[in-house]
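Convert by adding 42 to the 1-based position in the sequence shown; the result is the number in my numbering. Report on the structure given below.
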Amino acid sequence: MRRTTRARTGLSALLVAASLGFAATPAGAADAPLTPTPAPDAAAALHALDATVERTLGDESAGTYVDAATGELVVTVTTEAAASKARAAGAKAELVQRSAAQLDAAMAALEARAKIPGTSWGLDPRTNQIAVEADSSVSARDLARLRQVAASLDGAVRVSRVPGVFTREVAGGDAIYGGGSRCSAAFNVTKNNVRYFLTAGHCTNISSTWSDTSGGTSIGVREGTSFPTNDYGIVRYTTTTNLGGRVNLYNGSYQDIASAADAVVGQAIRKSGSTTKVTSGSVTAVNVTVNYSDGPVYGMVRTTACSAGGDSGGAHFAGSVALGIHSGSSGCTGTSGSAIHQPVREALAAYGVNVY
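This is the structure:
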């Protein structure tokens, strides 16, 4: 199964970063330690190889993931012929039991028979299964129904409980403001020399104008929004102040963004948002369906990054590669979260824009 390709200390500081919701932190200020992530060139090389494998194998692959021990890309396949193609492309190959078509069928069964608010499911190629999570709002009766459906799918689905409740993470505070709510912004983008920023669709649904301070002067106007089903929106800048293509790392430095790609299961990522600042994690599932209380979203990515209210719309990235737009989570326990992001490439294609 292939992945679906489906706030600041002032205005000038806000617009320097690619993510509007990322408050500037004075140089030398304390910051939580970060899990090491691949150098930008290594992240870009990983995604280039993944794209090559996808073009070469298509549906012959049941998925790809990063080997935690070696950092190598692993391609899951059901035939030795497909394994040979993967090796020829420069990736490791692993023979698995279930094909992409079988995993697609399992997801379709969940969609038809177990569409329960408070659940999410997506592909985990490391186990060649669909990984289902049920949050604390799912009743014992609904959980029993979910497990019954999973049991009928011949081991293709596993179910686990997660603490908290899957929630779109909008809050009141400081960052980008619209309609009395606070979100974060993901990446600055451009089209025909016009500058925009991307954020979550459930944020752009709230308001047509956005500011960098609560009740402040507008810095941008909504040009598009999509939620539910997707979770992305785009805002056109109405200011010409320095609009750099960088993400604020909250330690006095910034990460330049040079390209965009789809996340790969097992890879290390970072999330930057206006509430929890920079947090780290890894990708645990792709092609994820999340059943929020106000509607489902499809083709998402699940990670272990921590997040909280107000982080919606923030940036998920690896090195210089933009990966996603923060959507929501079921909360965070210690340093382990269940954060969901909208793949950024889908939003870029929908609006015909590019990161820079």
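Glycine residues also receive a C-beta, built at the ideal position from the N, C-alpha and C atoms. Just so you know, these numbers come straight off a predicted model, no measurement behind them.
**Prompt:** Which same chain residues, not among the five before or five after V117, have their C-beta less than 6 Å away from its C-beta?
**Reply:** Translated into positions along the sequence shown, residue 117 becomes position 75. If we look at V117 and ignore the five residues flanking it on each side, its Cβ neighbours are V95, S103, T106, A128, A133, A135.
**Request:** Compute the beta-carbon to beta-carbon distance between D166 and A347, rounded to the nearest angstrom, for a pair I have assumed lies under 8 Å.
**Result:** Counting from one through the sequence shown, the residue named residue 166 turns up at place 124. Counting from one through the sequence shown, the residue named residue 347 turns up at place 305. So it is not a contact: roughly 17 Å between Cβ atoms.
**Request:** Give me the Cβ distance between R210 and G352, rounded to the nearest whole Å; I'm assuming they're in contact under 8 Å.
**Result:** For the purposes of this step, residue 210 is taken as residue 168 along the sequence shown, with counting starting at 1. For the purposes of this step, residue 352 is taken as residue 310 along the sequence shown, with counting starting at 1. So it is not a contact: roughly 11 Å between Cβ atoms.
**Request:** Would you identify the three-state DSSP class for G243, choosing helix, strand or coil?
**Result:** Translated into positions along the sequence shown, residue 243 becomes position 201. G243 sits in a helix when the DSSP states are folded into three classes.
**Request:** Just confirm the distance between the C-beta atoms of V320 and L365, as a whole number of angstroms; I'd bet it's less than 8 Å.
**Result:** Position 278 of the sequence shown, counted from the first residue, corresponds to residue 320. Position 323 of the sequence shown, counted from the first residue, corresponds to residue 365. Wrong, their Cβ atoms sit about 14 Å apart, outside the cutoff.
**Prompt:** Are at least three pairs of beta-carbons, each pair with one atom in the region 297-308 and one in the region 355-373, less than 8 Å apart?
**Reply:** Yes, they touch.
**Asked** Could you give the residue range of the beta strand (DSSP E) that holds V395?
**Response** Position 353 of the sequence shown, counting from 1, holds the residue named residue 395. No beta strand (DSSP E) contains V395, which DSSP labels as neither H nor E.
**Closest by C-alpha distance to G262, when choosing among D254, S268, G370** = Reading the sequence shown from its first residue, position 220 is the one you call residue 262. Checking every option, the nearest Cα to that of G262 belongs to D254.
**Asked** So what's T259 in DSSP terms, helix, strand or just coil?
**Response** Counted from its first residue, the sequence shown places residue 259 at position 217. Of the three classes helix, strand and coil, the one that applies to T259 here is coil, per DSSP.
**Request:** Check whether the region 195-202 touches the region 156-174, taking contact to mean three or more Cβ pairs, one atom from each stretch, closer than 8 Å.
**Result:** yes
**Whole-angstrom C-beta distance between G356 and S316, which should lie under 8 Å** = Here residue 316 is taken as the residue at index 274 of the sequence shown, counted from 1. Here residue 356 is taken as the residue at index 314 of the sequence shown, counted from 1. Contact flag correct, Cβ pair sits at about 7 Å.
**Asked** What is the rounded straight-line gap between the Cα of R85 and the Cα of R168?
**Response** Locating residue 85 in the sequence shown gives position 43, where the first residue counts as 1. Locating residue 168 in the sequence shown gives position 126, where the first residue counts as 1. A quick correction: the sequence has Ala, not Arg, at residue 85. Taking the straight line joining both Cα atoms gives about 19 Å.
**Request:** For the region 275-282 and the region 235-254, state whether three or more C-beta atom pairs, one from each stretch, are separated by less than 8 Å.
**Result:** Yes, they touch.
**Item:** Cα-Cα separation, R155 to A192
**Value:** Along the sequence shown, read from residue 1 onward, the residue named residue 155 stands at position 113. Along the sequence shown, read from residue 1 onward, the residue named residue 192 stands at position 150. C-alpha separation (whole angstroms): 10 Å.
**Best match in A110, N247, G258 for proximity to Y269 [C-alpha to C-alpha]** = Numbered from its first residue, the sequence shown carries residue 269 at position 227. For clarity, residue 269 is Phe in the given sequence; the question names Tyr instead. F269 has its Cα closest to that of N247, out of A110, N247, G258.
**Rounded separation between R183 and A151 - CA only** = Your numbering for residue 183 matches position 141 in the sequence shown. Your numbering for residue 151 matches position 109 in the sequence shown. Cα to Cα, R183 sits roughly 18 Å from A151.
**Message:** Under DSSP, the alpha helix (DSSP H) around K12 begins and ends at which residues?
**Reply:** Examination of residue 12 is not possible in this model, given that the chain is present from 43 through 398 alone.
**Request:** Tell me whether the beta-carbon of T30 lies closer than 9 Å to the beta-carbon of P338.
**Result:** A question about residue 30 goes unanswered here, because the residues of the chain that appear run from 43 up to 398.
**Prompt:** Using the rule of at least 16 other Cβ atoms within 10 Å of the residue's Cβ for burial, across every protein chain shown, is P385 buried or exposed?
**Reply:** Taking the sequence shown and counting its residues from 1, one reaches residue 385 at position 343. Burial call: buried.
**Proximity below 9 Å, CB of V306 to CB of D92** = Here residue 306 refers to the residue found at position 264 of the sequence shown. Here residue 92 refers to the residue found at position 50 of the sequence shown. Closer than 9 Å, so yes.
**Message:** If contacts are defined as beta-carbon pairs under 8 Å, then T232 and N396 qualify, I think. What distance do you get, rounded to the angstrom?
**Reply:** Taking the sequence shown and counting its residues from 1, one reaches residue 232 at position 190. Taking the sequence shown and counting its residues from 1, one reaches residue 396 at position 354. Their Cβ separation, rounded to whole angstroms, is 6 Å, which keeps T232 and N396 in contact under 8 Å.
**Message:** Since S162 and T267 should fall inside the 8 Å C-beta cutoff, what is the C-beta to C-beta distance between them, to a whole number of angstroms?
**Reply:** Position 120 of the sequence shown, counted from the first residue, corresponds to residue 162. Position 225 of the sequence shown, counted from the first residue, corresponds to residue 267. So it is not a contact: roughly 22 Å between Cβ atoms.
**Asked** Does DSSP put D166 in a helix, in a strand, or in coil?
**Response** To locate residue 166, count along the sequence shown from 1; it is residue 124. If DSSP states are grouped into helix, strand and coil, D166 belongs with the strands.
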